[in-house]
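Participant: Here the protein sequences come in this chain order: S and R.
Just so you know, we're using the numbering used here here: the first sequence kicks off at -5 and counts up by one.
Just so you know, we're using the numbering used here here: the second sequence kicks off at -5 and counts up by one.
2 protein chains.
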Amino acid sequence: MEEIITLDYGSGGRKTARLIEKLLVPAFSNPALDSLGDGAIIEGAERLAFSTDSFVVDPIFFPGGDIGKLAVCGTVNDLAVCGAAPKYLSLALILEEGLPMRELETVVASIQKAAESAGVQIVTGDTKVVEKGRGDKLYINTAGIGFVKYPGLSPRSIRAGDAVIVSGTVGDHGTAVMLARSGMMEGELCSDCAALNGLCEAVLSTGAAVRVLRDPTRGGVATTLNEFIEGGELGIILDEEKIPVRPQVQAACDMLGLDPLYCANEGKLLAVVDASDAECVLAAMRETDAGRDAAVIGKVSAETPGRLVLQTAFGGRRILQKLTGAQLPRIC
Amino acid sequence: MEEIITLDYGSGGRKTARLIEKLLVPAFSNPALDSLGDGAIIEGAERLAFSTDSFVVDPIFFPGGDIGKLAVCGTVNDLAVCGAAPKYLSLALILEEGLPMRELETVVASIQKAAESAGVQIVTGDTKVVEKGRGDKLYINTAGIGFVKYPGLSPRSIRAGDAVIVSGTVGDHGTAVMLARSGMMEGELCSDCAALNGLCEAVLSTGAAVRVLRDPTRGGVATTLNEFIEGGELGIILDEEKIPVRPQVQAACDMLGLDPLYCANEGKLLAVVDASDAECVLAAMRETDAGRDAAVIGKVSAETPGRLVLQTAFGGRRILQKLTGAQLPRIC
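(1) Between which two residues does the alpha helix (DSSP H) holding residue 166 of chain R run?
(2) Note down, in chain order, each residue of its chain lying with its Cβ closer than 7 angstroms to the Cβ of residue 64 of chain R, except the 5 sequence neighbours on either side.
(3) Please classify residue 289 of chain S as buried or exposed, where buried requires at least 16 neighbouring CB atoms within 10 angstroms.
(4) Would you list, in chain order, the members of the region 156 to 188 of chain S that have their beta-carbon closer than 7 angstroms to a beta-carbon of chain R?
(5) Which chain S residues are close to residue 144 of chain R, counting only those with a beta carbon under 8 angstroms from its beta carbon?
(6) Hey, residue 72 of chain R and residue 45 of chain R are a contact pair by Cβ (cut 8 angstroms); roughly how many whole angstroms apart?
(7) Can the beta-carbon of residue 41 of chain R be found less than 7 angstroms from the beta-carbon of residue 114 of chain R?
(8) Give the range of the alpha helix (DSSP H) segment to which residue 104 of chain R is assigned.
(9) Across which residues does DSSP place residue 49 of chain R in a beta bridge pair?
(10) Considering only DSSP beta bridges, list what residue 160 of chain R is partnered with.
(11) Over what stretch of residues does the alpha helix (DSSP H) that includes residue 244 of chain S continue unbroken?
(12) With three or more C-beta pairs closer than 8 angstroms as the rule, is the region 303 to 310 of chain R touching the region 188 to 198 of chain R?
(13) Here's the rule I'm using: 16 or more other beta-carbon atoms within 10 Å means buried, otherwise exposed. How should residue 136 of chain S be labelled?
(14) Considering only the alpha carbon of each residue, which of S/99, S/79, S/252 lies closest to residue 198 of chain S?
(15) Could you name the residues of the same chain whose beta carbon sits closer than 6 angstroms to that of residue 297 of chain R, not counting the 5 residues immediately before and after it, in chain order?
(16) Please go through the region 190 to 243 of chain R and give each complete alpha helix (DSSP H) segment of 4 or more residues, from N-terminal end onward.
(17) Quick one: is residue 277 of chain R buried, meaning 16 or more other Cβ sit within 10 Å of its Cβ, or exposed?
(18) Under 8 angstroms, with one C-beta from each stretch per pair, do the region 201 to 213 of chain R and the region 263 to 281 of chain R reach the 3-pair mark?
(19) If we ignore side chains and look at the alpha-carbon of each, how far apart do residue 292 of chain R and residue 230 of chain R end up?
(20) Less than 6 angstroms between C-beta atoms, sequence neighbours within five positions excluded: which residues of the same chain meet that for residue 213 of chain R?
(21) Among S/9, S/59, S/53, which has the Cα closest to the Cα of residue 184 of chain S?
(22) Using a Cβ cut-off of 8 angstroms, pull out every chain S residue sitting near residue 226 of chain R, in sequence order please.
(23) Per DSSP, which one or two residues make a beta bridge with residue 79 of chain S?
(24) For residue 327 of chain R, return the contacting residues in chain S, with the cut-off set at a CB-CB distance below 7 angstroms.
(25) State yes or no: is the beta carbon of residue 137 of chain S nearer than 7 angstroms to at least one beta carbon in chain R?
(26) Would residue 128 of chain R and residue 130 of chain S qualify as a contact pair, given that the criterion is a beta-carbon distance under 7 angstroms?
(27) So, helix, strand or coil for residue 316 of chain R, using DSSP?
(28) Assign residue 33 of chain S to buried or exposed, taking buried as 16 or more other Cβ atoms, counted over all protein chains shown, within 10 Å of its Cβ.
(29) Check for me: the alpha helix (DSSP H) holding residue 61 of chain R runs from which residue to which?
(30) Give the C-beta separation of residue 105 of chain S and residue 70 of chain S to the nearest angstrom, bearing in mind that I take them to be a contact with Cβ-Cβ under 8 angstroms.
(31) What is the rounded straight-line gap between the Cα of residue 323 of chain R and the Cα of residue 57 of chain S?
(32) Strictly under 7 angstroms for the Cβ-Cβ distance: is residue 88 of chain R near chain S by that measure?
(33) First and last residue of the alpha helix (DSSP H) that includes residue 276 of chain S?
(34) Between the region 44 to 55 of chain R and chain S, which residues of the former have a C-beta closer than 7 angstroms to a C-beta of the latter?
(35) Closer than 7 angstroms, CB to CB, is residue 60 of chain S near chain R or not?
(36) So is residue 84 of chain R in contact with chain S if we call contact Cβ pairs under 7 angstroms?
This is the structure:
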C-alpha cells in the first residue's frame, strides 16, 4: 500500500521524528542542522537581510518546477534583490493528511537540488500536519537570511531618465501554472522558476549605478513597477514593443483572458539603473543563463508622476494600475 | 456586512497591499519594516540563532491565548532555549477565504502585544489566501533571529547526577486547547502560552552549570526528555510525586484519556543542570512570573541508559517512551 501522510506525522512524537530523520535531515545535511535543536546557530558578523514567504501554489507540480523549487527560489530571490548574498533558509511544512509520501519525497528532493544550486543551506525547520480538507496537499514556508553585500538599493533612489530593464520574457510562471491547473499541461510552456542570486551578483558587481532590483512575482511586472513609483513625483513609461513575451505565453494569455504584464514571474529580475549604465547591465545579464533575453523596456520619467504608462505598439498610451483582485489565485 | 477575507487579499495586488498597509505595518511598526521591500535588513555582528515554526492550532482562540500569541511565543522560546536573545521575527499568514476580518484583526493585535512584551520586532512578512476548504481560518508561520549570548547548551553535555527541573505545572496548554475544541471552554483551565526569554535569561545569568534548556511543546515533557537521552548511555529518572500538575489539568486529562506528561506546554521550561546548582536555578526561576512553580522533578542517571523512567507515587517504575501517534493533533 502506498504510504501516505497521517495526522501522526504532525504529533511531535515518533513519526514526526522519523520524518525529520529519514527524509528531511539527510536531504539538507549541514553542520547547523546536525544539532537538531529548535533553532540553528549561525556564525555571522555582517548586516543581515531576512525574508519570508509561504508557498501555496496549486498544483504543487507544474512544468518547469514544483512547490519545493519555488519555495527555495522565492526566498533566495527576495534576499538577492535586497543586495544580499542568501546563505541560510528555514523550511516549514504544513502537510495535509493523505498526502502521498512519494510526492513529499519528490518535493524534498527538489528543495535539496534547488538549495544546492543556489548555494544556500536549510538550517532549521518545522513540520505540521492538518486534517484532510484543511489544507491542500502541501504548503511550504521558507524564511531566509543573507548577508548584505550591496547596501542602499531602494525605489526611493530612482531618478528621471533611469532605464528600466527586465532580465527576460515575462509571464512564463503564471501562465504555465494556470495551464497546468486547467489540465492542459502539454506544450512548451514552462515556469521560469529559478534562483536569481547569480544574476543579481552579475549586475551589482559591474559597479553600475543600480537604483533598485525586484523580482516581479504575484501581480507581475505591472504591479512591481507601480510599487516603485506610487505616491512619488516620478512615473515609468514602458515601451510595449520592447517587452519580451514568448509567443506561447501571449497565446495562453489571450486564451485565458490574462495580461502577461500582470502574470507572476519566478525567475525574472526588474532593474532600474542609471541610463548611462544600461548597456553595461544588459551585457552582464546576457552573460548569465537567467538573463539571456534581457531588455530595456522603459524609462523613469517626470512626465507621468506616480503613473505607470504603457506606450502601445500602435502608438497609444494606456495607464497600467496595480493588480486589482485575484487575477491568478495561488500562483505561488 | 461583516468584512471577510476573499481570495483578492492574496493576489499581491491592491487588496494585499491594503491589508499590509492598513493592518499589518501599523501593528508592527519598526524601521526595518518601514522600507517594505521583500526582506528586512538587520544590523548584526554576533552569532545568530535562527528558528521557524508554523502554527495550525485548532481552535485559533482558546483560554489563555490565541494563535497569534502562540506564534510569537513559540518562536521566541525556540530561540531562548538556544541561549539566544530573540530579536527579530518574520510573520507569514495563510488565510482561508471567508475568515472574518475582525478575527484577523484580533489575532494581529495579539501578535503585536506578544511581540512587544517579549521584546522582539516583526521585521518582514508575507500573506497568502487559499480557497474556502483549503485551510482552516488561519495558519501562521514565524521565523526568528536571535543573537547567541550563552553558547554551548546541548543535550550532549548532560552528566549522571544532573538535576532535571521544570519551571512550573505541566500539560496546561494541551488540555486547555482540547477542552476549548470540545466546546467546554468554561472553567479555570488556561493555556500557559508565554514568552520564556526572560526566564531563560534569569536562569542562565546565574552562571549555574546549565547543560540544556528546552520548551516541551508537542509531545510534552516525556517526549522532550526522551530526546535528551535517546541513543546515549544516560537515562533520566522522574519522580512522579514532584511533577507539578494542576488538579483541573489532571481532571481534564482523566476525562479525555490523556497523560499530562505528553500534553503540550507553551510556557514551560525544562532545564538540566549540575545537581550542585539546582537550588540556585530553582531560586532564579521562582523569582520570575513564568517560573513560580518550578520544581526539581528528576535526575540524570547511568542506571537506565537511553530510558526515561517514571518512579510512580506507588513505588513502581514505568518506562515513558516518546509520544507515538497523534495524541493531540493541531495543538500548536
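From the three backbone atoms N, C-alpha and C, an ideal C-beta is built for every residue, glycine too.
Facilitator: Straight from the coordinates:
(1) 166 to 175
(2) 49, 51, 187, 260, 326
(3) buried
(4) So the list is empty, because no residue satisfies the distance condition.
(5) For residue 144 of chain R, none of the residues of chain S pass the 8 angstroms Cβ criterion, the least Cβ distance being about 11 angstroms.
(6) 4 angstroms
(7) no
(8) 95 to 112
(9) The beta-bridge partner set that DSSP reports for residue 49 of chain R consists of R/134.
(10) R/264, R/289, per the DSSP bridge assignment.
(11) 241 to 250
(12) no
(13) buried
(14) S/79
(15) none
(16) DSSP runs (the alpha helix (DSSP H)) wholly in the region 190 to 243 of chain R: 191 to 198, 214 to 223.
(17) exposed
(18) yes
(19) 7 angstroms
(20) 317
(21) Distances from the alpha-carbon of residue 184 of chain S to those of S/9, S/59, S/53 put S/59 closest.
(22) By Cβ distance, chain S contributes nothing, its closest Cβ being about 14 angstroms from residue 226 of chain R, past 8 angstroms.
(23) S/141
(24) Not covered by the structure: residue 327 of chain R. The range shown for chain R is -5 to 326.
(25) Output row for residue 137 of chain S: interface = yes.
(26) Contact: yes.
(27) Under the three-state reduction of DSSP output, residue 316 of chain R falls in the coil class, being neither helix nor strand.
(28) Residue confidence for residue 33 of chain S is low, a pLDDT of 49 falling below 50, so the modelled location carries little weight and cannot support an answer.
(29) 61 to 74
(30) In fact, because the Cβ distance is near 12 angstroms, the residues do not count as touching under 8 angstroms.
(31) 34 angstroms
(32) yes
(33) 272 to 280
(34) Only those residues of the region 44 to 55 of chain R whose C-beta falls short of 7 angstroms from the nearest C-beta of chain S are listed: 44, 45, 46, 47, 48, 50.
(35) Output row for residue 60 of chain S: interface = no.
(36) Any Cβ of chain S closer than 7 angstroms to the Cβ of residue 84 of chain R would place that residue at the interface, and such an atom is present.
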